[in-house]
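Written below as structure tokens is the structure these notes are about.
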Amino acid sequence: MKKWWHKWLILPSELKRLGVIGLNQRNGTWLLPNNNRKFYRKVDDKLVTKLLAEKMDLAVPKLFHVFSTQKNVMDLEEILAPFDSFVMKPSRGSGGRGVLVIKKRRGNKFIKASGMSMTIQEVQQHATEILGGLFSLGGSRDVAMVEACINCHPELTKISYQGAPDVRVIMLHGYPVMAMLRVATRQSDGRANLHQGAIGIGIDLATGKSIHAIHHGNSVDTHPDLDTNLINITVPQWDTVLEMATKGYEMTGLGYLGADLIVDDTVGPVVIELNARPGLAIQLANATGLRLRFEKAQAQAKAHPNLGWEERLAFSVKAFGRQKSAQ
Amino acid sequence: MFKKIFSLSGLVGLLIIVSAAGIIYKNRALGVPLLPDENREMWLVEARVSYLAKEKPVKVTLALHGDGEKLSVEGQQISLGYGFSKAEENGHPVGIWSARAPKGRQLLYYRAVIDESQLNYEFPLARNEQAPVVPQVADMTEEGQTLTGGSRAMALSIIHKEARQRSADDPTYVNRIQELIAEDSDNEAYLLLKRYYEKKYEKDWKRELVIDLLRQAGVASKGSIGVRLIEGNGTREAIKLIQYFDSAEQVWRIVLPHGGSLDNILVWSRSSSLLEVNSGGEQSLVSFTALKERAPTEIADRMAKAPWWVATISALPASERAPFRYAALIPLGVLAVVLLRNLVGLATLGTFMPVLLSLAFLELPLVAAMIMLSSMLFGGLVFRAVLSKFNLLVVPRVAACVVIVTLFMMAVSLISYKLGAVDGLRVTVFPMIVLAWTIERMSLIWDEEGAASALYQIMGSLIAAFAAYGVMKIEVLQYWVEFFPEVLLILLAIILVIGRYTGYRLLELVRFKNAAQMEV
């Protein structure tokens, strides 16, 4: 029930009743006790993540090349000659920084997702910047990965203003507990970060259908730039998405984990990155608190410690899904 | 049992018990009061003599404050082997250190405890002191070997006459002369004198000029030595003062050569020479440290003599203690930041950057600090925007920013000095490397998340810096940290407890306000 103070804030007692968790609780109760520091490298370095995923037979964007030395960058033209489209990104960048998406070529020029063109020198400069650590906050050296460009499923691109929408699944002890689709807006500039103005859309774990959407923390039903409907959209190949996310636990050993996937038009869902510190806005996107689900997953993990991914997934769909699965 | 102590609550309990035990012991056994004495305005003034000994018999004579309550030759081996005696030289108290053959850099300390309410700038004649006789200015020619000697005497008498006409008595005469110097008049006679005295006495020229002009008027005068009673990081030089004899009132009066208020200035000695070292030493130097003594003298003394683990920083010489007083405040500022970040949920640029800023605020008047900080941030951001055109790598880019911030700081100092604000000279207290990183982070956030986000975060940092400053400024806390450093253990216990707090942050209540529409 809406009270007058809800215009400005919500009382702690109400939040508690709704099972919404705050950052202190996320860190102190769910993140720190469950995530061993030594596993962080597996998710913070995208190159390591990619190799691990390939080992687990999880689909990832195909790796074309890794630029690790400046000398290597000099031969960039030759190395990238076979590829018309590609994505270049820092292995340890965060928040989508330093990601360069080349959609096609026109003569000597590289055409970016936004339609702007770049010369080979500019692409080389970008690689050099990545190597020098321009996109890592501490300024430590990095390597530049070049991988295949993903063609996002048209069902999803039609609700995003440039930029490919990605699906985030949050897991505790390998049990998917909540999922969200993130779509870009004009304001978020093609990126899928909610605090930069992207839209978060809560997804029902059982059906893959969108149930609720938020923009800047407020509920919305339509995309502010495209005016398309955001509710009751189905994420294609949802079962595969969930399956791949769930296997992320076996891959990393991290108890509190977020998996980001994009559904490709031809190869289906691919793992983009894994995240050891996924944020809390997913609760608003789903209009559901995380705490009760976490507690259920934790109890289940304690009672049955060695379940495989199929059993965990089945439990999650049953416990956290809104509607019965279509099958 | 063992496990219990090592659980968090056990540790917190242990910290509180140890801390409380220390406080109770000091309070009961040593009589250290739990609250600072608000009415007392006592200062511990420490003179530190430093010189280079040449392995010869050495005699160091330092002019002393006559009422020094406490006296100590500090620092084990440095003062070992020195004999110390107090004497009187030309009617002024002096301390004399002597040793047979010391070697290397030597440090000697003398401390006096001064009551601020007893500061005095008028000294009547002592019982057997004669009113001073003024030597005539005519004997100028004796030293007037240069051709300017004659014209100087002329200029002195012109200035003297002008000032004389516009004054009623000795104090107003002195005022006229000080005004003349303060406004740096373009009077021809004055300019001539200025050139002459600047050349001859360098930075002491104002004092010498005033003394000669007083002599011209038949007023007896000489130099004396003052110390400014201001707390701060680091030591200070003595201030050169003038005393002249007001024959109407029959008192010696103290003034600053260039005029101005004597507030906070202690007349350390009425002798005109502060330090004499005989041929056994060279490169001698006196510096002063003033500290507000927050506890009664005898208790502070008792603390200093207690075992080191009780005395802690009280056992250090004042010049070492002053920076420690600041250092010990840092945990207070850190606690403020922890509260703001984990309980309020304020976002700051760099975790403990606000604490470093607040340390700078402690050294400067708040408004001046704010103006300087924001101008430095603004300048840095503009420069950073220019730099971003060149696509520099991170470390060189931040390094370039450090250089620019340094240059900018020099400019701010210079401008504020020209405008007459001395505070500008102390911008060096700002942590430059931290500022450069702040600028870097801010501009990154500006690029990626927009100006609103960058300003929001810098505002958060400033609010946190203010809060940390506010906490560090509380007198009672400063007193506790100095005399009961074990309260830091309680602070540690509080921080540990907050480390386990898993409730909501204040700002999350706003962030999640739309959760009100959720279903359970």
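Chains as they are written, first to last, in our numbering: chain U, 1 to 327; chain G, 1001 to 1520. We put the beta carbon where it would ideally sit given N, CA and C, even for glycine.
Check the Cβ of asparagine 24 of chain U against every Cβ in chain G and list those closer than 8 Å, keeping chain order. Asn1342, Tyr1501, Thr1502, Gly1503, Tyr1504, Arg1505
Strictly under 8 Å for the Cβ-Cβ distance: is alanine 1399 of chain G near chain C by that measure? Here the protein chains are U and G, and chain C is not one of them.
Against chain U, does lysine 1200 of chain G count as a neighbour if the rule is that its beta carbon must be under 8 Å from one of theirs? no
Residue ranges of each beta strand (DSSP E) within the stretch 1239–1316 of chain G, 3 or longer: 1239–1246, 1251–1255, 1265–1269, 1275–1277, 1281–1293
Pick from U:Arg17, U:Asn36, U:Asn34, U:Pro278: whose alpha carbon is nearest that of valine 169 of chain U? U:Pro278
Starting from phenylalanine 64 of chain U, follow the beta strand (DSSP E) in both directions and report where the run begins and ends. 63–67
To the nearest angstrom, how far is the alpha carbon of glycine 217 of chain U from that of phenylalanine 320 of chain U? 23 Å
Note down the Cα distance separating leucine 1506 of chain G from asparagine 1027 of chain G, rounded to an integer number of angstroms. 38 Å
Using the three-state DSSP reduction, which class does arginine 186 of chain U fall into: helix, strand or coil? coil
Give me, in chain order, the residues of the same chain whose beta-carbon lies closer than 7 Å to that of phenylalanine 39 of chain U; leave out the 5 immediate sequence neighbours on both sides. Thr252, Gly253, Leu254
Give every residue of the same chain whose Cβ lies closer than 8 Å to the Cβ of isoleucine 1023 of chain G, excluding the five residues on either side of it in the sequence, and list them in chain order. Leu1034, Phe1484, Glu1486, Val1487
Residues of the stretch 7–20 of chain U in Cβ contact with chain G at a cutoff of 9 Å, in chain order, please. Lys7, Trp8, Leu9, Ile10, Leu11, Pro12, Glu14, Leu15, Lys16, Arg17, Leu18, Gly19, Val20
Determine, using beta carbons only, whether arginine 1253 of chain G and tyrosine 1121 of chain G come nearer to each other than 8 Å. yes
Note down, in chain order, every chain U residue with its Cβ under 7 Å from the Cβ of asparagine 1120 of chain G. Residues of chain U passing the Cβ test: none, with the nearest at roughly 58 Å.
I'd like to confirm the pairing. Which residues does DSSP put opposite serine 210 of chain U in its beta bridges? U:Ile203
In the structure shown, what three-state DSSP assignment does valine 1434 of chain G receive? helix
Status (buried if at least 16 other CB within 10 Å, exposed otherwise) for methionine 116 of chain U: exposed
Alpha carbon to alpha carbon, what distance is there between valine 1133 of chain G and glutamine 1243 of chain G? 14 Å
What number of angstroms, rounded off, separates the C-alpha of asparagine 1342 of chain G from the C-alpha of glycine 22 of chain U? 11 Å
Can you tell me whether glutamine 1106 of chain G is buried or exposed? The criterion is at least 16 other CB atoms within 10 Å of its CB, across all chains shown. buried
Who does cysteine 152 of chain U pair with in a DSSP beta bridge? U:Asp264
Check whether the Cβ atoms of glutamate 1482 of chain G and glycine 1345 of chain G lie closer than 8 Å to each other. no
On the DSSP letters alone, give me the boundaries of the alpha helix (DSSP H) that arginine 1384 of chain G sits inside. 1366–1387
What are the boundary residues of the alpha helix (DSSP H) that includes arginine 1321 of chain G? 1318–1327
Do we get a CB-CB distance below 8 Å when we pair threonine 234 of chain U with the residues of chain G? no
Isoleucine 1458 of chain G, enclosing beta strand (DSSP E) - first and last residue: Looking at the DSSP string, isoleucine 1458 of chain G is not in any beta strand (DSSP E); the run it does join, the alpha helix (DSSP H), is 1451–1472.
Anything in chain U within Cβ reach of arginine 1384 of chain G, meaning under 9 Å, just list it in chain order. Under the 9 Å cutoff, chain U gives no residues; its nearest Cβ is about 14 Å from arginine 1384 of chain G.
Excluding sequence positions up to five away, which residues of its chain have a Cβ less than 7 Å from the Cβ of valine 1355 of chain G? Ile1330, Gly1333, Val1334, Val1337, Ala1468
Determine the direct distance from the alpha carbon of threonine 119 of chain U to that of isoleucine 1445 of chain G, and round the result to whole angstroms. 27 Å
In angstroms, rounded to a whole number, what distance separates the CA positions of glutamine 283 of chain U and alanine 1515 of chain G? 8 Å
For chain U, is any of its Cβ atoms less than 8 Å away from the one on alanine 1468 of chain G? no
Please confirm if the stretch 1088–1101 of chain G is in contact with the stretch 1053–1065 of chain G, defined as three or more CB-CB distances below 8 Å between the two stretches. yes
Looking only at its chain, what residues have a beta carbon closer than 8 Å to the beta carbon of lysine 109 of chain U, apart from the 5 residues adjacent to it on each side? Ser117, Met118, Thr119
Verify the CB distance criterion: does alanine 1182 of chain G have a CB-CB separation below 8 Å to chain U? no
Please report the distance separating the alpha-carbon of proline 16 of chain U from that of valine 1018 of chain G. Residue 16 of chain U is actually lysine in this sequence, not proline. Near 37 Å, if we compare the C-alpha coordinates of valine 1018 of chain G and lysine 16 of chain U.
Let me check understanding here. Comparing Cα to Cα, which of G:Leu1213, G:Met1372, G:Leu1435, G:Asp1184 lies closest to tyrosine 1173 of chain G? G:Leu1213
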